[in-house]
Amino acid sequence: MRTQREINKAIDSFEQEVKAQLALGLKPNEAVRNAYAKYPVMDMMKATLQAELVNTFIAGYGDNVPYSAKSISQAMSDSWASDDLTLSKRLYRRSSTIRNEVADTIKQALKTNKTVKGLAKSIFDGYGKGGIIPEASIPKFLQKLSDINISGEATPEAKRKQRELLRSVKGKIARLDTPYVRAAYNEVAAAVEDGNEVRLQKAIYTATQEKARYHAERIARTENARAYADGQMNRYLDDEDVVAFQWKLSANHPRYDICDFYANADLYGLGKGVYPKDKFPNLPAHPHCMCHIKPMTELDIDVNKRHNNLEQSGLEYIKSLSKQHQEVLLGVNGREQVLTGKANWQDMARGWTSEVYEPRKPK
């Protein structure tokens with residue numbers, strides 16, 4: 011996706027600028043604020059995403075699209091989810107989330123660095139007088155030191171280096187001489203500083219390349235899924251040959267959730283995941299949802315079998331599920347209440363909505 015390339019470019023620039031701002035001595039909040047002002051990830055992806063949504067709508071519609079690119083773009087800018095946010099407002103709101111999460115992650119890393127440094131220093135300060143550590147206290151001292159994750163990593167290589175450091179420090183301290191104890195302390199202090207830098211760089215990477223990227227990609231994927239579905243709906247909703255729509259799971263659907271319910275429950279007697287045209291659920295069902303729509307004709311289903319007993323049909327499907335999937339769908343308490351008849355599944359199903367799909371229509 012072109013939007014993906016734009017996200018990659020924006021995230022990489024943002025990450026490097028955060029590092030540069032921190033190197034200038036700025037505090038995390040200010041460093042992140044300045045970096046985002048220079049490389050606003052959500053704004054940088056907006057124009058490309060907007061153009062991509064037009065192409066995605068056209069792909070969903072198929073041949074002979076009767077709308078101009080401009081009218082499609084205007085429609086794709088409108089709100090469609092229950093939060094009533096337009097694309098611009100959604101991107102703006104996530105900008106604040108990104109800034110806060112990145113700053114908080116870095117602050118936590120710096121706090122950890124301070125704690126590790128303080129612990130290492132307190133170990134040396136807490137033993138002996140005049141810089142000398144009593145011989146009887148050396149084993150206890152080394153054990154305390156070994157418990158500190160000095161390197162900032164838990165890899166085999168990091169553990170090997172820490173063992174080497176401890177052997178070196180033990181040899182110096184065992185001489186019970188002030189210069190050697192001082193040298194041992196300096197060695198530990200240098201290792202702590204190196205570990206602090208590792209922790210900080212990992213925190214910056216996690217905050218920008220993982221957390222910030224998650225929000226950007228989530229919006230891009232979800233908006234594209236909706237644009238494709240809008241294209242399909244605009245083509246088939248008024249097509250008399252199409253009598254129903256079927257909810258189809260993405261080939262990459264990762265785990266059981268409300269989408270499995272939409273795709274497998276026979277709520278209207280028309281078949282698994284098949285809905286009358288005016289009853290199709292709102293799609294996407296959740297962020298990152300990549301489910302899609304399949305148009306159905308009278309050759310595919312028997313419209314005379316339609317009924318509206320959703321509660322009974324949904325309950326029958328739920329009873330066919332494993333306990334694990336029932337709890338995923340309803341929650342532990344909700345499962346018990348639904349199966350004992352104390353509650354309706356429509357009130358308990360996570361992600362279920364009675365709202366029907368209302369496509370955005372280009373002029």
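Position in the sequence shown (from 1) plus 10 gives the number in our numbering.
All residues carry an ideal CB built from backbone N, CA and C; glycine is no exception.
Span separating the alpha-carbon of residue i from that of residue j
i: Y102; j: R345; result: 38 angstroms
i: N274; j: Q256; result: 10 angstroms
i: K315; j: T58; result: 45 angstroms
i: Y190; j: Y215; result: 38 angstroms
i: K150; j: I160; result: 17 angstroms
i: N343; j: H335; result: 13 angstroms
i: P291; j: R223; result: 29 angstroms
i: I142; j: E167; result: 31 angstroms
i: Y137; j: K124; result: 21 angstroms
i: L309; j: V252; result: 10 angstroms
i: K204; j: A193; result: Here residue 204 is Asp; the residue named in the question, Lys, does not match the sequence. Their backbone Cα atoms lie some 17 angstroms apart in a straight line.
i: R185; j: K171; result: 22 angstroms
i: R12; j: I82; result: 18 angstroms
i: D88; j: G128; result: 53 angstroms
i: A353; j: S323; result: 15 angstroms
Residues that DSSP places opposite residue i in a beta bridge
i: A254; result: P286 and M306
i: V179; result: Its beta-bridge partners do not exist; DSSP assigns none.
i: P291; result: V366
Pair within 8 angstroms by beta-carbon distance, residue i and residue j
i: A119; j: G241; result: no
i: R209; j: G279; result: no
i: A226; j: M55; result: yes
i: V198; j: L155; result: yes
i: A20; j: Q31; result: no
i: A359; j: L340; result: yes
i: K258; j: K304; result: yes
i: C301; j: S364; result: no
i: N262; j: E62; result: no
i: K180; j: L152; result: yes
i: M1; j: S105; result: Coverage of the chain is limited to positions 11 through 373, which leaves residue 1 absent and any answer about it impossible.
i: F67; j: A237; result: yes
i: I17; j: R100; result: no
i: E25; j: T307; result: no
Range of the contiguous alpha helix (DSSP H) that encloses residue i
i: M55; result: V51 to Y71
i: V366; result: Counting along the chain, V366 falls outside any alpha helix (DSSP H), and DSSP gives it neither H nor E.
i: M243; result: R223 to Y246
i: V42; result: P38 to K48
i: S161; result: Here S161 belongs to no alpha helix (DSSP H), and DSSP marks it neither H nor E.
i: K19; result: R12 to A33
i: S81; result: A79 to M86
i: R100; result: L97 to D135
i: M358; result: W355 to M358
Supposed contact pair residue j and residue i - C-beta distance, whole angstroms, cut 8 angstroms
i: T350; j: P294; result: That belief does not hold up - the Cβ atoms of T350 and P294 are roughly 32 angstroms apart, past 8 angstroms.
i: I311; j: V284; result: 6 angstroms
i: L320; j: K287; result: Between K287 and L320 the Cβ distance is about 16 angstroms, and since that is not below 8 angstroms, they are no contact.
i: V28; j: A47; result: Incorrect: roughly 12 angstroms between the Cβ atoms, too far for contact.
i: D276; j: V338; result: 20 angstroms between Cβ atoms; not a contact.
Cutoff 8 angstroms: residue i Cβ touching any chain D Cβ
i: Y367; result: This model lacks chain D altogether, as it is built from one protein chain only.
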